[in-house]
Amino acid sequence: MAATERLTDYTIHAQRGQTAREDAGILPKFKGRAIHDHWKPYFGYTECSHALCNAHHLRELQLIEKHYGQQWAVMMADLLLEIKKTVEATQESGTEGLSSEVFTQFEQRYDHLITTGYLVNPRPPPLPATGKKPKKRGRLAQTPPLNLLDQLRDFKPQTLAFMTDFRVAFDHNQAERDVRMVKVKQKVSGGFRTLAGANDFARIRGYLSTARKNAVNVFSAIRDAFCGKPFVPSCAS
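In the working numbering, the protein residues as written are -6 to 230.
The structure is reproduced here in structure tokens:
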């Protein structure tokens, strides 16, 4: 699925891979900023910019504190929430961006916490040479804390995109909310008997969700659709 504050699209497909994304037709043509959960194939779409969902980061940081007792994770979560609060307050004041001083301080604190995290999560030593051909290529297995540290370091611009561009959301909870009732429907009623039925459900659900987001009465939207004059949001007309 794909969603914004004004639009919702659900796509039914037998796969989740590239074929599904290409058939959906949104990411291949999208030129805005895509906020997602760091699934690597998304980064293959270079026509758009990318931002990472910080709600996912907060959950991962919470799990690291819970299972590994690492305080850098707590401090990083607190920092992300502090930046979010500061951005919101700045927006309410009518200012278009953070001051250079505040921006630099946040970046420095972010970098310091990454460094602190690496100090308590050293990389595993290389495997000893045995003279035998390795069975599997690729990097050595890492702990969840080290994996997250690498992600926060290597994708710092995407993680802090909400701080550099106030148009970028802190997370992609909009999409989470839009997909919630679809999951509830699947849990209560199960799957669809036919692909055609699933596609019909997706089109209707996406249409009504889009209408609701644009303050259009749902009953009116249904009536207009049956009359051959479906609601079309202005940004998509």
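Built from N, CA and C at the ideal position, the CB exists for glycine as well. Keep in mind the model is a prediction, meaning the values are calculated, not measured.
- Sequence-distant Cβ neighbours of GLN167 in its own chain, meaning closer than 8 angstroms and more than five residues away, are ALA(-4), THR(-3) and GLU(-2).
- Of all alpha-carbon atoms in ARG216, LEU145, THR97 and ALA66, the one lying nearest the alpha-carbon of LEU54 is that of ALA66.
- Under DSSP, the beta-bridge partners assigned to ASP2 are ALA(-5).
- Counting only the Cα atoms, PRO21 lies some 8 angstroms from GLU40.
- C-alpha of ARG173 to C-alpha of PRO137: approximately 27 angstroms in a straight line.
- Rounded to the nearest whole angstrom, the C-alpha separation of GLU89 and ASP171 is 28 angstroms.
- Per DSSP, reduced to three states, the secondary structure at HIS50 is helical.
- Inclusion of LEU188 and ILE5 in the CB contact set at 8 angstroms is warranted, their separation being smaller than that value.
- Bounds of the alpha helix (DSSP H) holding ILE107 are 93 to 112.
- CA-CA distance, ARG198 to TYR3, rounds to 8 angstroms.
- Here DSSP, grouped into helix, strand and coil, assigns LEU133 to coil.
- Secondary-structure assignment with DSSP links ILE28 through a beta bridge to ALA44.
- Secondary structure note for ILE197: its alpha helix (DSSP H) is the uninterrupted segment 188 to 206.
- The beta carbon of PRO119 is closer than 8 angstroms to those of LEU133 in its chain, skipping five residues each way along the sequence.
- Contact between ALA204 and ALA214 holds, since their C-beta atoms are separated by about 4 angstroms, short of 8 angstroms.
- Distances from the alpha-carbon of GLN151 to those of VAL225, LEU0, THR1 and ASP30 put ASP30 closest.
- Secondary structure of GLN63 (DSSP, three-state): coil.
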